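Enquirer: 15 is the number of the first residue of the sequence shown in our numbering; add one for each residue after it. I am attaching a structure below and will ask some questions about it afterwards.
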Amino acid sequence: MSELNWRKSTYTDNYNCVEVALTSDAAAVRDSKNPDGGILAFNAQTWHSFLSAVRTDHYRC
Numbered sequence: 015m016s017e018l019n020w021r022k023s024t025y026t027d028n029y030n031c032v033e034v035a036l037t038s039d040a041a042a043v044r045d046s047k048n049p050d051g052g053i054l055a056f057n058a059q060t061w062h063s064f065l066s067a068v069r070t071d072h073y074r075c
């Protein structure tokens with residue numbers, strides 16, 4: 015996964031950011047402050063379900 019095109023959301027601030035890289039069948043997520051740290055990978059179905067829940071404020075506190 016070293017050749018991924020990482021991007022940050024424009025909605026994040028400089029201190030609490032994650033970066034996402036999409037592949038043909040997965041989404042990889044990492045901490046932007048520690049790009050050499052661990053990477054979480056989610057299959058496409060799980061990633062799309064997560065995004066849908068976020069868009070509908072499912073995780074709002």
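Every residue gets a Cβ at the ideal spot worked out from N, C-alpha and C, and that includes glycine. Since the structure is predicted, the reported quantities are computational estimates derived from the model, not experimental observations.
1. Out of curiosity, what's the CA-to-CA distance linking T37 and D50?
2. Comparing alpha-carbon positions, which option in V43, N28, L18 lies nearest F56?
3. From the DSSP output, which residues share a beta bridge with R44?
4. Taking only three categories from DSSP, how would you classify R69?
5. Could you give the first and the last residue of the continuous beta strand (DSSP E) run that contains N57?
Expert: With the structure as the only source:
1. Straight-line Cα distance between these residues: approximately 19 Å.
2. Out of V43, N28, L18, V43 has the C-alpha closest to the C-alpha of F56.
3. Per the DSSP secondary-structure output, R44 pairs in a beta bridge with E33.
4. If DSSP states are grouped into helix, strand and coil, R69 belongs with the helices.
5. Start and end: 54-57.
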